[in-house]
Amino acid sequence: MSEAAAGILAEELNGNPSAVFALPTGSTPVGTYQALAKLNREGKVDFSLGNFFNVDEYVGLSRESEQGYYHFLYENLYQYVNVDLAKTHAPDGMALEPELAAVQYEEMIDGLGGLDVAFLGIGRNGHIGFNEPAASLHYSTYCVTLTKSTIEANARFFKSTEEVPKQALTIGIGTIMKAKKIIMVANGEDKADAICRLKEDTSLDTEFPSSLLRLHPDVTVVTTIK
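My numbering puts the sequence shown at residues 1029 to 1254.
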């Protein structure tokens, strides 16, 4: 799975060296990032001109925080490839006004012409980024209050559930849907129900945010789940 996803991402970057990517965090994409680093070492993909945006970031955590999502991408990808760190971006989790930071982040993405590739994982409850199940979903980057299930799922990265931030900045559903291409990776039994629902249920439901990806013309799901 990881090699297949890395191959798709490398092909996109080789085809458009200055492409704009949204990149996820979590345990699922780690193997893909390792495979991309290997391709970079072998001279099969060049990161130097690409633009890379975190899908999300916790409110209250800095770039240097070990639990922060920019730090995650640096530790798992950026430090191993020839990326220009000036072209790597994350929402400002330490901003005094998170809502303003969200607007500014969206403007940065729009200023580069929007996303060429949105690389995504999927949450147990069908969330993408931190776009949680809700009666309605936000179009652009915004500040979200995390659900109990998401906090519990992410507690493994912290000393306790209480330490998990309760809010995050995330690119919106519209930001994702405007991407030219969407690539999703998923593995593990805990994601099986979400992937099965995504594949088998044809309805559109904001209470299952991933379902909206059915409206996008170019989505690839790479998974070990049958």
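Just so it is clear, CB atoms sit at the ideal spot from N, CA and C, and this is done for glycine as well.
Per DSSP, which residues does residue i bridge with? Please list them.
i: Tyr-1170; result: Thr-1198
i: Thr-1251; result: Ala-1214
i: Thr-1116; result: Phe-1080
State the CB to CB distance for the pair residue i and residue j, rounded to an integer number of angstroms; the pair is presumed to be in contact (CB under 8 Å).
i: Leu-1064; j: Val-1073; result: 7 Å
i: Phe-1075; j: Asn-1110; result: 5 Å
i: Lys-1176; j: Glu-1040; result: Wrong, their Cβ atoms sit about 36 Å apart, outside the cutoff.
i: Leu-1283; j: Val-1048; result: Nothing can be reported for residue 1283: it is not among the residues displayed for the chain, which extend from 1029 to 1254.
i: Ile-1223; j: Ile-1253; result: 5 Å
i: Ala-1038; j: Thr-1060; result: Contact flag wrong, Cβ pair sits at about 10 Å.
i: Leu-1232; j: Ser-1238; result: At roughly 10 Å, the Cβ-Cβ gap does not stay under 8 Å, so Leu-1232 and Ser-1238 are not in contact.
So, for residue i: in the same chain, excluding its five sequence neighbours on each side, which residues have a beta-carbon less than 7 Å away from its beta-carbon?
i: Asn-1042; result: Val-1073
i: Asn-1182; result: Val-1192
i: Cys-1171; result: Val-1087, Pro-1126, Glu-1127, Ala-1130, Gln-1195, Leu-1197
i: Ala-1163; result: Thr-1234
i: His-1244; result: Met-1205, Ile-1210
i: Phe-1100; result: Thr-1053
i: Pro-1045; result: Asp-1074, Leu-1077, Gly-1078
i: Leu-1113; result: Tyr-1106
i: Leu-1089; result: Gln-1095, Gly-1096, Gly-1121, Pro-1193
i: Leu-1241; result: Ile-1210, Val-1247
Can you tell me which of the options puts its alpha carbon nearest to the alpha carbon of residue i?
i: Ala-1214; options: Gly-1151, Tyr-1097, Glu-1127; result: Gly-1151
i: Val-1247; options: Thr-1234, Lys-1227, Ile-1253; result: Lys-1227
i: Gly-1139; options: Leu-1243, Lys-1219, Lys-1115, Glu-1094; result: Lys-1115
i: Tyr-1098; options: Tyr-1108, Ile-1210, His-1117; result: His-1117
i: Gly-1078; options: Pro-1052, Gly-1096, Gly-1035, Asp-1144; result: Asp-1144
i: His-1155; options: Leu-1174, Thr-1230, Glu-1094; result: Leu-1174
i: Glu-1251; options: Glu-1217, Ser-1239, Phe-1236; result: Checking the sequence shown, residue 1251 turns out to be Thr, not Glu. Comparing Cα-Cα distances from Thr-1251 to each of Glu-1217, Ser-1239, Phe-1236, the minimum goes to Glu-1217.
i: Leu-1067; options: Asp-1229, Tyr-1108, Glu-1190; result: Tyr-1108
i: Gly-1157; options: Leu-1124, Thr-1189, Met-1212, Glu-1190; result: Met-1212
Please report the residue range of the alpha helix (DSSP H) in which residue i lies.
i: Asp-1221; result: 1220–1228
i: Asn-1159; result: It is not in any alpha helix (DSSP H) - Asn-1159 carries neither H nor E in the DSSP assignment.
i: Ala-1163; result: Note, Ala-1163: premise wrong, no alpha helix (DSSP H); not H, not E.
i: Gln-1132; result: 1126–1139
i: Ala-1123; result: Neither: Ala-1123 is in no alpha helix (DSSP H) and is coded neither H nor E.
i: Gly-1059; result: 1058–1069
i: Glu-1094; result: Neither: Glu-1094 is in no alpha helix (DSSP H) and is coded neither H nor E.
i: Glu-1039; result: 1030–1043
If you follow the beta strand (DSSP E) that residue i is part of, which residue opens it and which one closes it?
i: Ile-1210; result: 1209–1214
i: Tyr-1086; result: 1084–1086
i: Glu-1147; result: Sequence check: residue 1147 is Phe here, not Glu. Start and end: 1145–1148.
i: Val-1192; result: Unbroken run through Val-1192: none, as it is neither H nor E.
i: Phe-1185; result: From DSSP, Phe-1185 is part of no beta strand (DSSP E); its letter is neither H nor E.
i: Phe-1100; result: Where Phe-1100 is concerned, there is no enclosing beta strand (DSSP E), although the alpha helix (DSSP H) it sits in stretches over 1097–1104.
i: Leu-1051; result: 1048–1051
Here's a check: name, in chain order, each residue in its chain whose Cβ is nearer than 8 Å to the Cβ of residue i, leaving out the five neighbours to either side.
i: Gln-1132; result: Asp-1120
i: Thr-1169; result: Pro-1119, Ala-1130, Val-1131, Tyr-1133, Glu-1134, Ile-1137, Leu-1197, Thr-1198, Ile-1199, Gly-1200, Thr-1203
i: Lys-1255; result: Since the displayed the chain opens at 1029 and closes at 1254, residue 1255 lies outside it and no answer follows.
In its own chain, which residues sit with a C-beta less than 6 Å from the C-beta of residue i, not counting the 5 before and 5 after it?
i: His-1166; result: Gly-1200
i: Phe-1185; result: Gln-1095
i: Gly-1142; result: Lys-1206
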